[in-house]
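Written below as structure tokens is the structure these notes are about.
Number of protein chains: 2
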Amino acid sequence: MPKVGMEPIRRQQLIHATMSAIDDVGLAEATVLRIARHAGVSAGIISHYFGGKDGLLEATMRQILTDLSNAVAARRRILTDNSPRAHIGAIIEGNFDRTQVTGPAAKTWLAFWASSMHKPMLQRLQNVNDRRLYTNLCHQFRRVMPRPQARNAARGLAAMIDGLWLRGALTPEGLDAEQARTLAHAYLDQLLSPETVQKTAQTWV
Amino acid sequence: MPKVGMEPIRRQQLIHATMSAIDDVGLAEATVLRIARHAGVSAGIISHYFGGKDGLLEATMRQILTDLSNAVAARRRILTDNSPRAHIGAIIEGNFDRTQVTGPAAKTWLAFWASSMHKPMLQRLQNVNDRRLYTNLCHQFRRVMPRPQARNAARGLAAMIDGLWLRGALTPEGLDAEQARTLAHAYLDQLLSPETVQKTAQTWV
DNA sequence: TTTTATTAATTGAACGTTCAATAAAAAGAT
DNA sequence: ATCTTTTTATTGAACGTTCAATTAATAAAA
Numbered sequence: 001m002p003k004v005g006m007e008p009i010r011r012q013q014l015i016h017a018t019m020s021a022i023d024d025v026g027l028a029e030a031t032v033l034r035i036a037r038h039a040g041v042s043a044g045i046i047s048h049y050f051g052g053k054d055g056l057l058e059a060t061m062r063q064i065l066t067d068l069s070n071a072v073a074a075r076r077r078i079l080t081d082n083s084p085r086a087h088i089g090a091i092i093e094g095n096f097d098r099t100q101v102t103g104p105a106a107k108t109w110l111a112f113w114a115s116s117m118h119k120p121m122l123q124r125l126q127n128v129n130d131r132r133l134y135t136n137l138c139h140q141f142r143r144v145m146p147r148p149q150a151r152n153a154a155r156g157l158a159a160m161i162d163g164l165w166l167r168g169a170l171t172p173e174g175l176d177a178e179q180a181r182t183l184a185h186a187y188l189d190q191l192l193s194p195e196t197v198q199k200t201a202q203t204w205v
Numbered sequence: 001m002p003k004v005g006m007e008p009i010r011r012q013q014l015i016h017a018t019m020s021a022i023d024d025v026g027l028a029e030a031t032v033l034r035i036a037r038h039a040g041v042s043a044g045i046i047s048h049y050f051g052g053k054d055g056l057l058e059a060t061m062r063q064i065l066t067d068l069s070n071a072v073a074a075r076r077r078i079l080t081d082n083s084p085r086a087h088i089g090a091i092i093e094g095n096f097d098r099t100q101v102t103g104p105a106a107k108t109w110l111a112f113w114a115s116s117m118h119k120p121m122l123q124r125l126q127n128v129n130d131r132r133l134y135t136n137l138c139h140q141f142r143r144v145m146p147r148p149q150a151r152n153a154a155r156g157l158a159a160m161i162d163g164l165w166l167r168g169a170l171t172p173e174g175l176d177a178e179q180a181r182t183l184a185h186a187y188l189d190q191l192l193s194p195e196t197v198q199k200t201a202q203t204w205v
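Residue numbers (the UniProt record's numbering), protein chains in the order written: chain U, 1 to 205; chain S, 1 to 205.
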């Protein structure tokens, strides 16, 4: 059976099987045996390719975060309009990308998020990703409002995006991506409207 | 050592110890031994009072949800103003109540939320709570805008509240409750402003 | 003396990891 | 072109550990 060059194939299979297992039974019951069975290989192979279960989980989280990051970057690269609204809109669209929002990825993402509170390596990955989202949003808002307001707008929109994900991951039917995008865009429109910018300038100096 | 009437005392001690353990090491490593040690009793007592570990976890989640629900209800009961804004404001305030937002409760809440995706009993509790928040918000928004807009406003505000919680639970410093309240209220003001109501009426019929 | 409250020791199952064995594929030798 | 050796990929069983639950024993209170 052994053919050469299996490493990249097996790694992908196992990462994919990990997401499926977490989608099926949750992180707590996603054992190496179950993941391996799902990928059609033996349990020992996980230690061989990832050094152990922890290595596989870390690789899976890395995959999800880079996929998300790529989805955002791709949408920003094809923009014709350079306005803050267009850039932030692309960030929203990327975050509610089809491949991210569907079943396994969404549940896995939430499971890792909860777990990252007590696993330093996952926390680090989470933090890098979080900060990138916040920094990007802040930078774009900064182009049309003073820094303190830009910071609050970025915090608010980041919370809205995460909240929509969270609630989407929990409902049995999964996230309604179109509805989520609509709500996020509506909130963005409010944040960028001249009346809001002026009003919040007085509230939050 | 045995004194009569220990049951309610032990139950409270163990529920509190469960939150502390989850706060310290996460749900995955919150073993019965660790929880019992934290409460200063033996591990066997958990099965005695809660029928097993699952019973204790369920009781702990129940406690958190009823505390949250009580915090909201208390703030609404003392309102002098009967406006939708006042009621929704009280809901926001209750959700960012001191006792809910601090360390153990917040981390435990997030841990259970993630876990509830695959444990039917927790999912049921979660669902009841979610629906109550949504229904309450919807009912208040309904007083000042048509139903489709009220529904979207409720979805948006619920997502914002959960997103702020989520991000707060993950940051090492914990949730900045005041900042969270400020952002949620600012969003509420936007949702209730006449311009927004009129604008969204055209977008979402 | 019976009941209530609790513990400490034990049990059995499940888990992740390791390791020797195996078999196909590739490389080298004839 | 055929045979031999080495390398790569994989398995399955065994090991040690950890966990939740159970049990028998103990001690205070009623």
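Glycine residues also receive a C-beta, built at the ideal position from the N, C-alpha and C atoms.
Judged by DSSP secondary structure, U/L122 falls within the alpha helix (DSSP H) whose first and last residues are P120 to F141.
Under a 10 Å Cβ-count criterion, S/P8 is classified as exposed, with fewer than 16 other Cβ atoms of the shown protein chains found around its own Cβ.
In this structure, the CA atom of S/P104 is about 34 Å from the CA atom of U/L14. Chain order gives the chain U residues near S/V25 as H118, where near means a beta carbon separation below 8 Å. Bounds of any alpha helix (DSSP H) do not take in U/D81, whose DSSP letter is neither H nor E. Of all C-beta pairs linking the segment 158-172 of chain S to the segment 182-197 of chain S, three or more are shorter than 8 Å, placing the two stretches in contact. When S/I91, S/A153, S/L188 and S/T171 are compared, the shortest CA-CA separation from S/N129 is found for S/I91. For the C-beta of U/T196, the chain S residues within less than 8 Å are, from N- to C-terminus, Q190. Taking the Cα of S/H16 as reference, the smallest distance to any Cα among S/E58, S/Q126, S/A153 and S/A28 is reached at S/E58.
With contact defined as three or more Cβ pairs closer than 8 Å, the segment 70-87 of chain U and the segment 32-47 of chain U are not in contact. A distance of 8 Å or more separates the beta carbons of S/G168 and U/M117. Residue state for S/S116 is assigned as coil, using DSSP reduced to three classes.
In terms of Cβ geometry, U/P84 and U/Q140 form a close pair [threshold 8 Å]. Excluding sequence positions up to five before and after U/A106, its CB lies within less than 8 Å of the CB of Q100, W165, G168, A169, G174 and L175, all in the same chain and listed in chain order. Closest by C-alpha distance to S/R10, out of S/S20, S/V32, S/A111 and S/G40, is S/G40. In the three-state DSSP reduction, U/M6 falls in the coil class, being neither helix nor strand. Nearest Cα to S/E178 within the set S/W113, S/T102 and S/R34: S/T102. Annotation: U/M19 to U/A159 spans about 25 Å, alpha carbon to alpha carbon. For U/N129, the closest Cβ of chain S is not nearer than 8 Å. Assignment of U/P172 by DSSP, reduced to helix, strand and coil, places it in the coil class.
Of S/P172, S/A154 and S/L133, the smallest CA-CA separation from U/R124 is found for S/P172.
The beta carbon of U/T200 sits closer than 8 Å to some beta carbon of chain S. Judged by DSSP secondary structure, U/V32 falls within the alpha helix (DSSP H) whose first and last residues are V32 to A39. Distance between S/A114 and U/Q198, taken at the CA atoms: about 39 Å. Distances from the alpha-carbon of U/M121 to those of U/Y49, U/H38, U/Q12 and U/D54 put U/D54 closest. For U/F50, the enclosing alpha helix (DSSP H) starts and ends at G44 to F50. The contact set of S/N152 on chain U, defined by CB atoms closer than 7 Å, consists of L183 in chain order.
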